[in-house]
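Just below is one structure, and these are the notes that go with it.
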Amino acid sequence: MQIETINVDEIKSLRKELGYNNAQELSKLLGFGSATIPRWESGMSSMSKSHGLMVEAFLKVPSFREFILSKNGIDMFENGEWVEEGTIHLSEDQMKGFMKDFAKYMHGDKNEK
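The numbering of the sequence shown is the numbering used here, which starts it at 514 and goes up by one.
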């Protein structure tokens with residue numbers, strides 16, 4: 514059986530879409546050397562199937578991403594990260610800030626932050 518894994522263009526695209534602008538940061542989160550994903554993205558080396566599956570799971574499966582982030586001491590819910598399509602989790606303080614900014618916007622203070 515042939516297992517297809519994510520390609521480097523998709524890694525780069527999904528990584529940036531999720532807010533991981535630094536490939537080194539993602540490498541470290543996944544327990545790779547800091548230059549691993551940058552080398553894949555630049556074509557300097559190729560990834561193994563197991564590494565490809567791990568990266569793909571992190572980028573495409575919110576529960577796997579939550580697991581990896583929690584192992585790194587990061588609570589993805591506190592960061593307001595999207596965890597499911599159409600769902601975002603905010604802390605109480607983040608929600609209050611959002612509502613305050615939204616009220617200003619609705620009352621004509623569109624340029625004020």
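Every residue gets a Cβ at the ideal spot worked out from N, C-alpha and C, and that includes glycine.
- For His620, there is no enclosing alpha helix (DSSP H), as DSSP gives it neither H nor E.
- Taking the CA atoms as reference points, Ser563 sits about 10 Å from Glu517.
- Residue nearest to Phe545 within the set Gly556, Asp606, Leu531, Met560 is Met560 (criterion: CA-CA distance).
- In the displayed model, Ile587 falls within coil according to three-state DSSP, outside both helix and strand.
- Annotated three-state conformation of Gly556 is coil, per DSSP.
- Taking each of Asp522, Val568, Met612, Pro575 in turn and checking the Cα distance to Glu538, the smallest one comes out for Val568.
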